Every structure is written in C-alpha cells, then in structure tokens.
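Notes follow the structure.
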Amino acid sequence: MGLDPREPLETASRTAHKQQMNQLLHVDAARTVVVTVDMQRNYLDREVAIRPLAAADAERLLTYGRKVLDRARSLGIPVIHAYVSRRPAEVKSGFDVSPAKKLKDQQEGRTINDRLEGSPQAQIPAALLGPDDVHVTTKKSMDAFLDTDLDVLLRRVYGADTVVIMGINTDTCVLSTVFSASNRGYKPIVVAECVASWRGKDQHRMALELMAGSFVWVLTAEELMSKLSITSPTAVAR
Numbered sequence: 002m003g004l005d006p007r008e009p010l011e012t013a014s015r016t017a018h019k020q021q022m023n024q025l026l027h028v029d030a031a032r033t034v035v036v037t038v039d040m041q042r043n044y045l046d047r048e049v050a051i052r053p054l055a056a057a058d059a060e061r062l063l064t065y066g067r068k069v070l071d072r073a074r075s076l077g078i079p080v081i082h083a084y085v086s087r088r089p090a091e092v093k094s095g096f097d098v099s100p101a102k103k104l105k106d107q108q109e110g111r112t113i114n115d116r117l118e119g120s121p122q123a124q125i126p127a128a129l130l131g132p133d134d135v136h137v138t139t140k141k142s143m144d145a146f147l148d149t150d151l152d153v154l155l156r157r158v159y160g161a162d163t164v165v166i167m168g169i170n171t172d173t174c175v176l177s178t179v180f181s182a183s184n185r186g187y188k189p190i191v192v193a194e195c196v197a198s199w200r201g202k203d204q205h206r207m208a209l210e211l212m213a214g215s216f217v218w219v220l221t222a223e224e225l226m227s228k229l230s231i232t233s234p235t236a237v238a239r
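Residue numbers (our numbering): 2 to 239.
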C-alpha cells in the first residue's frame, strides 16, 4: 500500500517512503557518475589520520568502497574524487572550510590544519584509486560543488543525470553535497555502506534518515549493483 498524501508528515513512515523510492529508481549507467567526497587518509588511515573514523567504519568504507568503484569502472562509469587539499597560502591566511569549526578550534586553543597539499592526510587510499579517475582537489567548503568544476564535469563532460555519492562525513560534507546535487537536478544516490562520520554513529544515522526520508535514494551496495546489472548488461561506451 502506498503512502497516504493526507497523512501528516510527522507520522508518515519514512521506511515505506524509502522502499517506494528505491523501487521506482531506474539507473542508466551511461548517464551515471560516481563521486567520492573526502575519502582521504585523514579519516581512513589511522597511521596518519588527524580525525580518524572508528576502525570498523574505516574498514567498511574501504571494503565496500572498493567493490562499488571497481564495479562502476568495469561498466565504464566515471569516478570522480572530490576532496580538500589545502594550499600553503590558504593555511597562512587562516582560511578554513568551516567558519564554525575554525571558531571552535580557536576557542579551544587548537591550530589543526589537516589535509595540507602534498601531505599523506590529503591522499586518497590507493585501494580506492583507478588510473582513469578524475580528481577535483579544489573543494573549499562542505559542498563539493561550490567553487569547484564538479558540475561542469558531470553535466558537460559526462552528461550525467545520476550521481552516486560516497564519502565522509555523512552529516556534513556528504549531506551538503547531496543537497547540492539534488538542487542542480541530478538524481543523488548514497551508498549506505560507503559513508560514515568521525563524529559518531548517531550523527551518521541521523543524516542518512534525513536524506532517505526526503530527496535522496539511499541504497545498499548490493541494491546499487543490482540496479546497475539490470540496466547495464554491457560496459558503457562514452
């Protein structure tokens, strides 16, 4: 049974909404691009990370992330890595991705400048990289679209209408980028196993619920690959 449009939103079943949306979703691999957001060693590699994910979350992202990216590449689906790489001039000026975080750091006497250009923290783990992947390193806010060429790549280079998004953090940069993708008319898909937050599971779950209950398709990796298999029996020619 479908949702009753007369039912108050406060009591409507978000689970039912999510199931309906996922059943209706059609994925055309020829018009799909995978975008990773801040999937960097700063979060995923505890040997160098300044803000590491929980070990289990990092392992999950690396394991499922590699599976999804390898599957996408096998179908000819482009992969774009969008992430922060701070230039020396930005650090010298005191520029920060988040004014709120900067203020909090100042109040607590911290001067953390993570993901400096050329640093291990700024790197994408080798397991997630492919030789033809495209890198957008000019991300300067929580939104991977703002002040970068991500939209140009998606719209004019790849002709995308669907954007598969994975990354860190679910409750900030992933959420903001997904909002922006939807506002630009793309169909945003978030891969549930391929997002996490170093702020904890509560923040992560809250963001996923918000997205799945409104304007985003939240799919498991298996659900996504099933959609791709149904719509893309052969590799995509671009």
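Don't be surprised by glycine CBs; every beta carbon is placed ideally from N, CA and C. The model shown is predicted, which means the values in this text are computed figures rather than measured ones.
Are the beta-carbon atoms of residue i and residue j separated by less than 8 Å?
| i | j | result |
| --- | --- | --- |
| R116 | A123 | yes |
| V164 | V34 | yes |
| S183 | V217 | yes |
| Y65 | A222 | yes |
| L155 | R67 | no |
| I190 | L229 | no |
| T272 | M212 | What is shown of the chain runs 2 to 239, which leaves residue 272 out entirely. |
| G119 | R74 | no |
| D144 | T178 | yes |
| K188 | D152 | no |
| R87 | N114 | yes |
| V275 | D134 | Residue 275 lies beyond the stretch modelled for the chain, which goes from 2 to 239, so this question has no answer here. |
Have a look at residue i and residue j and give me their C-alpha separation to the nearest angstrom.
| i | j | result |
| --- | --- | --- |
| H205 | S215 | 16 Å |
| T12 | H18 | For T12, the predicted model reports a pLDDT of 45, less than 50, meaning its position is unreliable and no value from the coordinates is stated. |
| Q41 | Y84 | 8 Å |
| M207 | R52 | 20 Å |
| H136 | D97 | 21 Å |
| R32 | A55 | 34 Å |
| L62 | S94 | 33 Å |
| D29 | G77 | 12 Å |
| H82 | I169 | 12 Å |
| L220 | V192 | 5 Å |
| E91 | L147 | 17 Å |
| P121 | T16 | 40 Å |
| S227 | G201 | 29 Å |
| L45 | E60 | 8 Å |
| L10 | G186 | Residue placement at L10 is poorly supported in this model, since its pLDDT is 49, which falls under 50; the coordinates still yield a value, given next. Cα to Cα, the separation comes out at about 24 Å. |
| Q21 | L104 | 42 Å |
| T258 | P89 | The question about residue 258 has no answer, for the chain in this structure spans 2 to 239. |
| D71 | R47 | 24 Å |
| S99 | D39 | 14 Å |
| S142 | W199 | 17 Å |
| D150 | I125 | 19 Å |
| D203 | E210 | 11 Å |
| T173 | D58 | 16 Å |
| H241 | Q108 | Coverage of the chain is limited to positions 2 through 239, which leaves residue 241 absent and any answer about it impossible. |
| E194 | Q24 | 19 Å |
| Y159 | V69 | 19 Å |
| A101 | R157 | 34 Å |
Run through the DSSP bridge pairs and tell me what residue i is partnered with.
| i | result |
| --- | --- |
| A240 | For residue 240 there is no data in the structure shown, the boundaries of the chain being 2 and 239. |
| I81 | V36, V135 |
| P189 | V164 |
| L220 | V192 |
| R87 | L117 |
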